[in-house]
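Here is the structure we will look at.
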Amino acid sequence: MAPNLEPLFAQRTKLLKASDVRELLKYSQDPTVISFGGGLPNPEAFPLEDLKVVFEELLHEDNTPSLQYGPTPGDPLLKRALATMLAGRGIPANADQIIVTHGAQQALELFGRVFLDPGDIAMVTQPTYLGIFTAISVYEPDYHGVPTDDEGILTDVLEEELRALAMDHLRPKFLYVVPTFHNPTGVTMSLRRRRALVDLAAEYEVPIIEDDPYYDLRFEGDTIPPIASLDKEGWVIYLGSFSKILAPAFRIGFAHGPLDLVNKMALAKQGVDLFTNGFGQRVAERYLSLGLMKRHIPKIRKLYRHKRDVMTEALEESWPEGTSWTHPKGGMFLWATVDPAVDTRALLPKAAAKGVIYVAGHAFYAGEPEINHMRLNFSYSSDEAIRKGIPLLGSVLRGEGGESRLEEAVPK
Ligand SMILES: Cc1ncc(COP(=O)(O)O)c(C=O)c1O
Numbered sequence: 012m013a014p015n016l017e018p019l020f021a022q023r024t025k026l027l028k029a030s031d032v033r034e035l036l037k038y039s040q041d042p043t044v045i046s047f048g049g050g051l052p053n054p055e056a057f058p059l060e061d062l063k064v065v066f067e068e069l070l071h072e073d074n075t076p077s078l079q080y081g082p083t084p085g086d087p088l089l090k091r092a093l094a095t096m097l098a099g100r101g102i103p104a105n106a107d108q109i110i111v112t113h114g115a116q117q118a119l120e121l122f123g124r125v126f127l128d129p130g131d132i133a134m135v136t137q138p139t140y141l142g143i144f145t146a147i148s149v150y151e152p153d154y155h156g157v158p159t160d161d162e163g164i165l166t167d168v169l170e171e172e173l174r175a176l177a178m179d180h181l182r183p184k185f186l187y188v189v190p191t192f193h194n195p196t197g198v199t200m201s202l203r204r205r206r207a208l209v210d211l212a213a214e215y216e217v218p219i220i221e222d223d224p225y226y227d228l229r230f231e232g233d234t235i236p237p238i239a240s241l242d243k244e245g246w247v248i249y250l251g252s253f254s255k256i257l258a259p260a261f262r263i264g265f266a267h268g269p270l271d272l273v274n275k276m277a278l279a280k281q282g283v284d285l286f287t288n289g290f291g292q293r294v295a296e297r298y299l300s301l302g303l304m305k306r307h308i309p310k311i312r313k314l315y316r317h318k319r320d321v322m323t324e325a326l327e328e329s330w331p332e333g334t335s336w337t338h339p340k341g342g343m344f345l346w347a348t349v350d351p352a353v354d355t356r357a358l359l360p361k362a363a364a365k366g367v368i369y370v371a372g373h374a375f376y377a378g379e380p381e382i383n384h385m386r387l388n389f390s391y392s393s394d395e396a397i398r399k400g401i402p403l404l405g406s407v408l409r410g411e412g413g414e415s416r417l418e419e420a421v422p423k
């Protein structure tokens, strides 16, 4: 019999919870289930030929540093290449102010470590990327959710909240946002809201964490400058990732921010993993510096734009009256809204029984969730699976009474 270790575990482990996406794994192990759940890149988007070129170069005796221990803040060559990449996004970056992390996810966890004492205020949008909760909840923040609309965060509501907190001599430790092709909604924050955010950050002296893994995945419309590019006073901390533009398996992400923050994060990281996967860092550096990434990204955009179109066409053709969804101009997700009486989390086992899964919207809220949303990933599934899975979900919604409830509610 295995020993009972439960009494030995630290109190804080009670705060560790598997995310809804991890929970979905139990359904998605079945190869016959169509998954719109995970945020997975399409395997066709992996640049296999480019990787062969890069591996060939790196696995050469002149390149053994790529296999060696490296500095905690990151490979200097990669940090230089990243500073150039950020300059291309309009962010006046300095390589010394960059820390390379094991995915953007690790940067989120490090923010928790260096910023949060129990009870400190962490502001997030409603809804927000659920990985922020899995990263920082163990540090026991007091989450303050700020509502959003189709232009992103409601900056007037934020301003009221910041003013009220300041009156009580309270200052949030940070505000976390995903302004471009938001996970889970696919919405992109407008330029005027971005400008308003920068002003509020400076006025109330609250750092903004701008998490931007989907920056390069724009299918249409003009690029909207990152919030960090509008910031003159250094209140914006910028996060990026190679997971969606190279491959998540290398686990290469990065943060750019004030030097004292980056130094603190490096100290915290030392105790966790010493440094980020060195070979992966060199792969990312070569992918950038040889110009392979620039050449490859249009292929990903074209593929995902097509996937989004296949999904939205299937939704239009097959979903019941009264349902709606966002129309993202990039990224990997759209956000569907169903009859307010339908609880999408309760509906999930029924959908899984029919062979299709999604992430219920609940997981993306701090505090009380809205119950009638689903996050649908369009990047991963084949066209056939999308054309089959979306009508299946539509039929589950009808079976649940989505349409009939609405018919009852709306006078004829
Ligand atoms: C908004 C956001 N931040 C962070 C992450 C984590 O990315 P990474 O693979 O770089 O850890 C994701 C992954 O889906 C994401 O959507």
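In short: position in the sequence shown from 1, add 11, done, that's the working numbering.
We put the CB at the ideal spot given by N, CA and C, even for glycine.
Computed from a prediction, not measured in an experiment: that's the story for all the values here.
Own chain, CB closer than 6 Å to residue i, minus 5 neighbours either side, in chain order
{"i": "Pro380", "result": "His373"}
{"i": "Gly142", "result": "Gln116"}
{"i": "Pro129", "result": "Glu151"}
{"i": "Leu51", "result": "Tyr391"}
{"i": "His113", "result": "Arg262, Thr287"}
{"i": "Gly412", "result": "Residue confidence is low: Gly412 scores 42 on pLDDT, short of 50, so the model does not pin down where it sits. Its coordinate-derived value is still stated next. Result list for Gly412: empty, nothing under 6 Å."}
{"i": "Tyr215", "result": "Leu173"}
{"i": "Arg23", "result": "Val149"}
{"i": "Lys423", "result": "Below a pLDDT of 50, predicted positions are generally treated as unreliable, and Lys423, at 26, falls in that range; no measurement from the model is reported."}
7 Å CB neighbourhood of residue i in its chain, flanking five on each side removed
{"i": "Pro82", "result": "Phe286"}
{"i": "Ala146", "result": "Gln116, Leu119, Glu120, Gly123"}
{"i": "Pro402", "result": "Ala325, Ser329"}
{"i": "Asp61", "result": "Tyr298, Leu303, His307"}
{"i": "Pro18", "result": "none"}
{"i": "Asp242", "result": "Val209"}
{"i": "Gly256", "result": "It is Ile, not Gly, that sits at residue 256 in the sequence shown. Cβ within range, chain order: Asp227, Met304, Ile308, Ile311."}
{"i": "Leu27", "result": "Val149"}
{"i": "Arg206", "result": "Leu241"}
{"i": "Gly245", "result": "Pro269"}
Beta-carbon spacing of residue i, residue j below 7 Å
{"i": "Lys340", "j": "Phe389", "result": "no"}
{"i": "Phe261", "j": "Pro218", "result": "no"}
{"i": "Tyr150", "j": "Leu127", "result": "yes"}
{"i": "Arg9", "j": "Val111", "result": "Residue 9 lies beyond the residue range present for the chain, which begins at 12 and ends at 423; the question has no answer from this structure."}
{"i": "Ile238", "j": "Leu202", "result": "no"}
{"i": "Phe230", "j": "Arg316", "result": "yes"}
{"i": "Tyr140", "j": "Val189", "result": "yes"}
{"i": "His384", "j": "Trp346", "result": "yes"}
{"i": "Gly156", "j": "Ala371", "result": "no"}
{"i": "Tyr187", "j": "Val135", "result": "yes"}
{"i": "Ile397", "j": "Ser46", "result": "no"}
{"i": "Ile109", "j": "Leu88", "result": "no"}
{"i": "Phe253", "j": "Ala295", "result": "yes"}
{"i": "Gly197", "j": "Gly410", "result": "no"}
{"i": "Thr191", "j": "Asp161", "result": "no"}
{"i": "Pro138", "j": "Pro195", "result": "yes"}
{"i": "Ser240", "j": "Ile102", "result": "yes"}
{"i": "Val321", "j": "Thr334", "result": "no"}
{"i": "Leu211", "j": "Glu171", "result": "no"}
Beta-carbon proximity list for residue i, same chain, < 8 Å, skipping 5 on both sides
{"i": "Met12", "result": "none"}
{"i": "Ser30", "result": "Leu141, Gly142, Phe144, Thr145, Ala374"}
{"i": "Asn74", "result": "Glu68, Arg293"}
{"i": "Leu181", "result": "Ile132"}
Exercise for the section: Entirely within the region 315-350 and at least 3 residues each: give me those beta strand (DSSP E) ranges in chain order. Expected result: 344-348
Problem - Meets three-Cβ-pair contact criterion under 8 Å: the region 291-298 and the region 362-372 - result: no
Exercise for the section: Measuring from each Cβ to the nearest heavy atom of ligand 3, keep the ones under 6 Å and list them in chain order. Expected result: Inclusion of ligand 3 in the displayed structure is not the case, the ligand content consisting of ligand 1 alone.
Problem - 4-residue-minimum alpha helix (DSSP H) runs that sit fully inside the region 147-214, ordered along the chain - result: 166-178
Exercise for the section: Assess, as a yes-or-no matter, whether the region 275-282 is touched by the region 77-94 under the definition of 3 or more beta carbon pairs within less than 8 Å. Expected result: yes
Practice task
May I have a chain-ordered list of the alpha helix (DSSP H) segments no shorter than 4 residues that lie completely inside the region 241-292?
Solution key: 270-284
Problem - alpha helix (DSSP H) runs contained entirely in the region 63-128, provided each spans 4 or more residues - result: 87-99, 114-126
Problem - Complete alpha helix (DSSP H) runs within the region 16-45 (minimum length 4 residues, chain order) - result: 31-39
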